[in-house]
Amino acid sequence: MIDPVTLAVLKGRLEQIADEMDATLFRSAFNPIIAEAHDASHGLYHAETGETLIQGKSGLPVFVGAMSFAVKAVIDKVARDGNLAEGDVFIFNDPYDGGTHLSDFKLVRPYFYEGKLFCYLASVGHWHDVGGNVPGNYNPVATECFQEGMLIPPVKLFDKGQIRQDIIDILQANSRLPGSLYGDLNGQVNALDLGIKRMSSLLDEYGVDKVGEALHELRLRAAKLMAANISDLADGSYAAEDFLDNDGIVDEPLKIAVDLSIKGDQMTLDFSRTSAACAGPVNIALSTAVASVYVAIKHIFTEVPANAGVLEPLEIIIPEGSLLNVRAPKPVGGYTETILRVIDVIFCAMAQVAPERINGCAYGTINALSLAGFRQDGSRWVMFSFFGGGHGGHPEGDGLNHGNAPISTATIPPAEILEAAYPVMFTQWALRQDSGGPGSHRGGLGAIYEIELLEEKADVFLFGERGRYAPPGVLGGKSAALNKFSYEQQDGMHHPPQASKMVGIQITKGQHLRLETPGGGGYGSPFERDPEAVANDFSRGYVSRASAESDYAVSLKQDGSVDQLATERLRKEAIV
Amino acid sequence: MINQSNSYVIGVDVGGTYTDVFFLDEAAGKCQVAKVPSTVDDQSRGFIEGIRKQVENLAEVSTVVHGTTVGTNALLERKGARTGIITTRGFRDTLEMRRRDRPETWGLWGQFEPVVARDLRIEVSERTLADGTIYTPVDIEEVKSAAQQLIDAGAESVCVAFINAYANASNELLALEAVRGLWPNEFVEASSNILPEIREFERTSTATLNAYLQPPVSSYLARLEGALDQHGFNGQVLIVQSNGGVMTVDTARQLPVRTALSGPAAGVIASAYIAGEAGFPNVITCDMGGTSFDVSLVANGESTLSPQTNIDFGMTIRTPMIEMTTIGAGGGSIAWVDRGGLLQIGPESAGSSPGPVCYGLGNERPTVTDANVVLGRINADKPIGGKLEKLDVEAASSAIDLHIAQPLGLGVMEAAEAVIRVANSRMAGAIRLVSIERGFDPKKFSAMPFGGGGALHTGALIKEVGLQNALVPRYPGINSALGCTIADMRHDYVQTINGLLEKLDMRVLAEQMSSLAKKGMDLLDSAAVSFENTEAIFELDMSYQGQTHTVDVSLPVKPGKNGVDITHDLIKSTFETRYSNVYGRPLDNIAIRVLNLRVSTLGRRPKFDLKLLAPVDGCELVAASNGVRNVWFDGAWHETAIYQRLPIAIGEVIAGPAILEQPDTTILIEPDLQAVVDEFGNLVITRKQEN
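Protein chains in written order, with this note's numbering: chain A, 1 to 576; chain B, 1 to 691.
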């Protein structure tokens, strides 16, 4: 058996290889979704099962679970075709086998050491445009994946080390931004090359047996660690449910439900009570659903490593035909909204058994907003961006104001960069008062972004959520504010009939768009929040006087200080 | 050195625990060092005390160069001034909203408190567009009333930060003038004067932190100058910046944010110089402290600068700084076995208080230092630094037994060795990150430890990463103080251009380059410091159109009589060469963008002959012997020779296993390594078989 010291050393070396692959792509990528938002991931996967062996720490969290399905899809194809060779690289974006959505292109490369297949290396990155009905591919009214972009099954991009230009030609011909696509593709190829180089020097140094044994052992350790965490929790069943506003086509809520049960060192997550597959693009594939469970678990048990062992003590039940387990051609472009909700229900269920590990839900929507048009010189412009919101209150304090989505580590481009690139002016970029869920630890604040158009006209669409079901608090903490979008027309401000999803909006010069994002849910009862903390929130404008009184039962004097007597009275009444 | 009777140049590095002083008496050809406890309440007391250990009459001192942590500490402890921000309507939360990030990838428990609370951030009517057009002129009456509101709220300093001020600063400068008109002190500045660069969060954060630091750093510098005056000093005081260069006290008062990494930067400067003189121009510095291990890369004698650093989550400073890669593996880092049975080091740390178990100050969980003590590598009867009488080996040993050996099923000694191996492998990871991952071949690099703990580990690191050797400077513990005395004067400027190369007017660009260079040269001239020569360095941040990350392209031009001579072709080919070096190959048919112009001006200060540090009348190895001790290596006790390091003569060879002791550090020579004392008194550690 491998000694514990070599194991710890090899763990660090292997993680560093995956991290370095991430860093290489982030630096050289052309599109900001990879370069700035880090919507990409790299790792090492098992030669026979495709299971995650090692994954980079800086990539998009949701890929940690999804990539093993992508590698498995290649393994299955190779088993059918029987022509795997050193130097092959497969490329595809099929979301039903490989997870997530069509924008994510996966490159999978077998790694041979001394002529023998050792493992697979894979790279996934979110490309800027992959065809489909709308630029940027977040089509809120898609009813089939064909309206969302091109669908490429696993094909060889490199055949025995020879690049196949015909494949690149096909890809480029199907994108509105072929140059960006080419740059990103090159970055991913370079990252894989680098991974191969680093793996070879590691294997030269330690030998196939030792590294193989370390990978095997790390999986066992992860499973053991996860099982130990589950054993600490009280046996029992814990249920939670939440809703998506609608699917963008049919204006009806969609239920996401989990029945989480714990028995000894096993945890079962049963999503059977979830709504059936829907017409619009908020469906997800099974692989994506598993990946989102993984993200929730990693946020709760931060110390478990990023390999397949973590999933071993978990049983995940999702029936076929569920919203969370669809096949082609059901549209899946809006997968981010659905997996955020899957994560939220897991948090709410876990809050019942492990309150000391849980926080209020985060803002829960990525708000993909697109503005597009033509400049006076005839050139086309497309501004496509995701926006932030608040994080939940947590055992250690109030939630973070204006954070990124739990499935991502993306930063937002600064207003100045957006204004320099597109004919827009931000008239507001601010924290949103009263948007954090009240709690003894208040949820963090969401944001207000208001944009004025500087060109003659623009086409606008928004793909968001949480317009009707607010991010919940936990342990008596209250919900955050709803997501709210407004667009200006000649007769004033309007709101989308389906709350946070709408296509075909047209605005003209001088008109405004206004996006007000949710905060995070509260943690613990707001009536237990220190009145001085409420007064402080008021003085900073985080919380209004009205909210202090109605949500926190804190009465403030004219100068903003706490009216002790009135507060005592309010709280007595509130608690009864 | 110019003709003057006062002949001392003194470097003073004030750290958290000790104030280190390096005395250079060039006329007499002598160097001396001193170490005194830092005086936390007022660093200037320890400062003067340290100097007076060697020099009674400060009139004999020509220059004092100072690496300070006053700014760093004020940031980390949030003890800067009460500061206000006046900003564009709609943007008062820029500082608090950051770039929509979170502290950790996993776990959602982040918190952030900006240094300026929301009620001290006031909006006024004004707007500039990205192309520099003034869309709304600034409302001066609103600005004045905002300033008055901040004064009434007790703000001591204020930062004016308007959107797109990098593209046209006129609104911001008008507001600045109005605020200055009624502000009671000089702590008023505009963001475009601190950093005229695109990205409102980074600019606002940098300028605001500068305002936040101005009052405490200014008052510290005033106290310091006062104390120096009192002792008869009439020379020049210089302050080390994070970029490794020095500036005058006047500049430091205006730009205190540039001192954020003052101390460590000086250490890297010293390392680069010492290693270069010793014939090793490529070096990776390794600074091991209580909670962290910091590495920095010096290639061809040049230290690596990074354009931006986060002092803490959301505390972004964008000015060039010596690049440090930090991992949580210091002497106080706690070793533990996770529930999956994996041995881990850090990130939790016992720091220097309560410190390792062996300090006996209350920590019961084993640290890296405890492992070194148990293995016999640290002299428990004579701890370095002189704060403790003795280290408790028994306590360290039982902590390792309980927390590491038992869970892993190992013996205590094997467990202690395992802790060191895993700690070494983490440090090696940091070295790989700055070398291999950046395309540098480790075989061409030396490891140079400084600080107290590094020299226990560097031998192992050269083996693990494949470095050429390790170079232990004569006084690793006062490296930063030594670096102060040789650092060059340096001023950095940036201006955002944000245009396509083909469309840039070369005359305009050349004019911008010349004018920033002149600004820096004028500042050098006004410093009353003698330089061997001065130099301007021009860089462009460039990318292909569509990329968001830029590469730094150093232009091979010098300012001449008629300004600088640049062409589109020169810039393009320099960019393509640089791009290829970074990413493999250039791309065809994609337009090239120039984001920023960067200009640095350097005044090179005279360096002293490092041979002054070498042992005089050094002794043979045997004469430096301190006996033998059992030290654990590779699974067994080895009888290991112990020496006093400082008296050993030039040219002496020390074969491992051996331990060399000196007041500020302990040097470990592992059994398969050997060391030789070079002509400067450095110790060069290499593998045995290579010689």
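Just so you know, even glycine gets a beta-carbon here, dropped at the ideal spot from N, CA and C. Model, not experiment: these values are computed from the prediction.
| Query | Result |
| --- | --- |
| Look at L456/B and R339/B and say whether their C-beta atoms are less than 8 Å apart. | no |
| Spatial neighbours of L273/B within its chain, please: C-beta separation below 6 Å, excluding the five flanking residues on both sides. | The amino acid at residue 273/B is misidentified as Leu; the sequence shows Tyr. Once the five neighbours on either side are set aside, the close Cβ partners of Y273/B are I486. |
| Applying a beta-carbon distance threshold of less than 8 Å, which residues of chain A neighbour N164/B? | E416 and E419 |
| Can you pull the chain B residues whose beta carbon is under 7 Å from the beta carbon of I412/A, in chain order? | R99 and R100 |
| Going by alpha carbons, who is nearest to R540/A out of E96/B, D152/B, E414/B and T204/B? | E96/B |
| Tell whether a beta-carbon distance below 8 Å holds between D398/A and R442/A. | yes |
| In chain A, which residues lie with their C-beta within 8 Å of the C-beta of A416/B? | In chain order: nothing, as chain A lies at least about 11 Å away. |
| May I ask you to report which of helix, strand or coil DSSP gives D204/A? | helix |
| So, with DSSP's three-state summary, where would you put Q376/A? | coil |
| For H549/B, return the contacting residues in chain A, with the cut-off set at a CB-CB distance below 7 Å. | R27 and A35 |
| Any beta-carbon of chain B closer than 8 Å to the one on P61/A? | yes |
| Using DSSP with H/G/I as helix, E/B as strand and the rest coil, what is G279/B? | coil |
| Identify the continuous alpha helix (DSSP H) that holds A227/B and give its terminal residues. | E200 to Q230 |
| Are the C-beta atoms of Q495/B and some chain A residue less than 8 Å apart? | no |
| Span of the beta strand (DSSP E) holding E456/A? | First-last for E456/A: undefined, no H or E at that position. |
| Ends of the beta strand (DSSP E) at I384/B? | I384/B -> no beta strand (DSSP E), and no H or E assigned at all. |
| By DSSP's criteria, G50/A is part of a beta bridge. Which residues make up the other side? | BP columns for G50/A are empty, so no partner. |
| Mind pulling the chain B residues with CB within less than 8 Å of K57/A? | T105 |
| Just the chain B side, please: which residues come within less than 7 Å of E303/A by C-beta, in chain order? | D338 |
| Which value, in whole angstroms, describes the spacing of the CA atoms of T268/A and A362/A? | 24 Å |
| Which of the three DSSP states is assigned to I566/B in this structure? | coil |
| Could you give the distance in angstroms between the alpha-carbon of T534/B and the alpha-carbon of S175/A? | 52 Å |
| What residues in its chain sit with their C-beta under 6 Å from that of L602/B, if we drop five residues either side in the sequence? | D488, R490 and E535 |
| Give me the Cα-Cα distance between I2/A and L10/A, rounded to the nearest whole angstrom. | 11 Å |
| For the stretch 473–498 of chain B, which residues have a beta carbon sitting closer than 7 Å to at least one beta carbon of chain A? | N498 |
| Cβ of I163/B within 8 Å of Cβ of R127/B? | yes |
| Straight-line CA distance for G618/B to V677/B? | 10 Å |
| Since N310/B is in the alpha helix (DSSP H), which residue starts that stretch and which ends it? | Here N310/B belongs to no alpha helix (DSSP H); instead the beta strand (DSSP E) covers T309 to D312. |
| Show which residues of chain A have a CB atom less than 8 Å away from the CB atom of S425/B. | A8, V9, G12 and R13 |
| Does the beta carbon of H299/A sit closer than 8 Å to a beta carbon anywhere in chain B? | yes |
| Just by C-beta distance, which residues in the stretch 427–441 of chain B are closer than 8 Å to chain A? | G429, R432, L433 and E437 |
| Within this structure, are the beta carbons of L254/A and L324/A separated by less than 8 Å? | no |
| Start and end of the alpha helix (DSSP H) containing R514/A? | Counting along the chain, R514/A falls outside any alpha helix (DSSP H), though it belongs to the beta strand (DSSP E) covering H512 to E516. |
| So, is the C-beta of L127/A closer than 8 Å to a C-beta in chain B? | The amino acid at residue 127/A is misidentified as Leu; the sequence shows Trp. For W127/A, the answer is no, since every Cβ of chain B falls outside 8 Å of its Cβ. |
| Beta-carbon within less than 7 Å of V373/B's beta-carbon, same chain only, minus the 5 sequence neighbours each way: which residues are those? | C358, A380, L391, V393 and A396 |
| Let me know the secondary structure DSSP gives L14/A once reduced to three states. | helix |
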